[in-house]
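Some notes on the structure that comes next.
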Amino acid sequence: MVIQSCLKVMQASGMFALTQRKKLRYIGAALIGTGILVYEASQHKVEMARSKINVSDFMAAPITDTAILEKNRNDMKSKMELMIMKIQADFCRALEQQEVGGAKFIVDRWQRSEGGGGITCVLQDGEVLEKAGVNISVVSGVLPAAAVAQMRARGKNFKEGQMMPFFAAGVSSVIHPRNPMVPTIHFNYRYFEVQDSETSTQWWFGGGTDLTPYYLNEDDAKLFHGELQKACDKHDKSYYRRFKKWCDDYFN
């Protein structure tokens, strides 16, 4: 899956110096984007098939009832929710390990009356990280006609004036280090599913990542983009150029 591969980018996005207790510590921008996330698709599938859901592996209980997730493990909605829960926990725990002063993430599990909810994890005022947020959301409901019209304008083949059931799940993060020589990093990856008739479902993945340096280190930028390209090339060698252009157009 492209999302799983792209997350590996955070594991090797450069080596940055962080001053901590008068010493230089070198960590990959996985600290910032946090690495330690090695999501091999085949290994993940085997692990999912063999093991029961262990809530202690996550930062909080899943949004969907675990019995439903267990029953529907092969459904993409369940796969995505379990994956982003694991990603969130791995990111948060890896970041906490860098905080020798003991700063921890504050966890807020919330629900929405329309369907679903999310888990917000925030760490702030740490010795290494000024503030970091790693959040997931798993929401469902009915798309109003206005939202359907916006999607039609962006090229989705939906019937005009139709209200449709939807499901969306994603993970997002913004991480601000204290050291100005270390870039801020942001990413979000999401899955969206719309039922446009009783028998037809449209679905897609979306998201992106960006590095925001305060003082530009070209080697960091080259490595960041190089790792993104490696992840894309594993699936289609045209992806990196296509997706990079989308990013360039968006930020320009």
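Going left to right, the sequence shown walks through residues 1 to 252 as full-length UniProt numbering numbers them. Beta carbons: idealized from backbone N, C-alpha and C, even for Gly. If you're wondering where the values come from, they're calculated on a predicted model, not measured in any experiment.
Residue i versus residue j: straight-line alpha-carbon distance, rounded
i	j	result
V128	A145	46 Å
E198	Y214	51 Å
residue 255	G102	Given a span of 1 to 252 for the chain in the structure shown, any question on residue 255 remains unanswerable.
W246	G116	30 Å
A153	A147	10 Å
K104	L123	6 Å
K77	R93	25 Å
G35	F91	Because G35 sits at a pLDDT of 36, beneath the cut-off of 50, its placement in the model cannot be relied upon, and the point is left open.
R241	H225	11 Å
L228	S173	17 Å
D65	W110	14 Å
A231	Y239	9 Å
V171	I63	13 Å
Exposure of residue i, with buried meaning 16 or more beta-carbon neighbours within 10 Å
i	result
K23	Residue placement at K23 is poorly supported in this model, since its pLDDT is 30, which falls under 50; the coordinates still yield a value, given next. Its Cβ having fewer than 16 others within 10 Å, K23 is exposed.
Q98	buried
F251	exposed
G155	exposed
V182	buried
K86	buried
P177	buried
G125	Residue identity differs from the one stated: residue 125 is Asp in this sequence, not Gly. It counts as exposed.
I68	exposed
L211	buried
Q150	exposed
Own chain, CB closer than 7 Å to residue i, minus 5 neighbours either side, in chain order
i	result
E114	G141
Q195	M164, P165 and T201
V107	M59, A60, I119 and C121
Range covered by the beta strand (DSSP E) that runs through residue i
i	result
L129	L129 to L143
F192	T184 to Q195
Nonlocal neighbours in the same chain, by C-beta distance under 6 Å from residue i, ignoring five residues either side
i	result
A168	V139 and F192
Within-8 Å CB hit, residue i to chain D
i	result
D90	Absent from the structure is chain D; it holds one protein chain and no more.
Range of the contiguous alpha helix (DSSP H) that encloses residue i
i	result
G117	That residue, G117, is in no alpha helix (DSSP H); its beta strand (DSSP E) goes G116 to Q124.
Original post:
Between the region 75-86 and the region 52-59, are three or more C-beta pairs nearer than 8 Å?
Top reply: yes
Original post:
On the three-pair Cβ rule with 8 Å, is the region 205-224 touching the region 157-165?
Top reply: no
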